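Trainee: Remember, this note's numbering sits 51 above the position in the sequence shown when you count from 1.
We treat Cβ as the ideally placed atom computed from N, Cα and C, and that holds for glycine.
This structure is a prediction, so every number in the text was calculated from the model and none was measured.
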Amino acid sequence: MGKAMQAWFAALLLAAVLVVPGGCQRAGNSATGDAASPPPRTYHLDRAQPRLPTLKLWLGGREITAEVARRTTEIATGMMFRTNLADGEGMLFVFPRPYRAAFYMRNTTVPLSAAYLAPDGTILELHDLQPLNETPVTAASDNVQFVLEVPQGWFQRHGVRTGLVVRTPYGGFPEVDWVNLRARTTRAP
């Protein structure tokens with residue numbers, strides 16, 4: 052992997068997992084002429100993000116309408132500042148390649164459950180996330196490319212377990228063009 056790609060990937064992971072908190076920096080003293088320090092760089096919004104594009108997902112016989120977070124700010128903001136998540140809805144986080152995911156609940160008051168998914172859409176792990184808990188829930192696997200958040204307890208209520216493969220209207224996860232949210236087109240050899 053080239054250095055530029057490694058740097059880009061590291062920045063994306065930083066934004067998604069280790070978002071720098073804002074608002075706690077001490078400003079310079081303007082009365083004495085000291086320049087104020089610039090605020091730390093944050094990737095998440097300071098308010099709930101607008102509704103993201105959605106995609107139907109099937110977990111066995113159960114259907115979810117998931118907002119799809121694909122861009123750095125969308126991933127970093129996630130469910131922050133939202134006040135509810137309806138049953139049958141969720142948010143799918145899409146990462147450019149597999150890694151060891153670690154999610155937490157900064158500025159998130161809605162209790163959630165998270166499924167850590169492999170590149171093919173297989174559920175590797177299920178975790179309950181507690182509101183406002185900033186302790187990362189780190190994946191045991193380093194093969195997580197997607198994370199699906201739903202209302203807490205939804206997976207358990209619907210008998211969804213690890214090993215289940217999540218499907219889309221286009222088939223499995225490898226058949227999806229995640230940039231454009233449509234079926235992946237194959238080129239003739």
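Could you tell me the distance, in whole angstroms, from the CA atom of Glu185 to the CA atom of Val145?
Mentor: Approximately 21 Å, taken between the alpha carbons.
Trainee: Can you give me the start and stop residues for the alpha helix (DSSP H) that Thr105 sits inside?
Mentor: Note, Thr105: premise wrong, no alpha helix (DSSP H); beta strand (DSSP E) at 105 to 110.
Trainee: Establish whether the CB of Arg157 and some CB of chain C are separated by less than 7 Å.
Mentor: No chain C is present in this structure, which holds just one protein chain.
Trainee: Using only the alpha-carbon positions, how far apart do Pro170 and Asp97 sit?
Mentor: Approximately 30 Å, taken between the alpha carbons.
Trainee: Alpha carbons only, please: which of Gln100, Val119, Arg102 is nearest the one belonging to Thr219?
Mentor: Nearest option by C-alpha distance: Val119.
Trainee: Between the region 163 to 179 and the region 192 to 203, do three or more beta carbon pairs fall short of 8 Å?
Mentor: At 8 Å Cβ cutoff, the stretches touch.
Trainee: Run through DSSP, which three-state label would Thr128 get?
Mentor: If DSSP states are grouped into helix, strand and coil, Thr128 belongs with the helices.
Trainee: Heavy atom of the ligand GDP less than 6 Å from the Cβ of Asp97, yes or no?
Mentor: For the ligand GDP, the structure offers nothing, since it holds no ligand at all.
Trainee: What is the rounded straight-line gap between the Cα of Asp138 and the Cα of His209?
Mentor: Roughly 11 Å separates the two Cα atoms.
Trainee: Given this structure, state the Cα-to-Cα distance separating Arg233 from Gly222, to the nearest angstrom.
Mentor: Answer to the nearest angstrom: the Cα atoms are 11 Å apart.
Trainee: Beta carbon of Ala190, beta carbon of Ala152: below 7 Å?
Mentor: Yes, Cβ-Cβ distance for Ala190 and Ala152 is below 7 Å.
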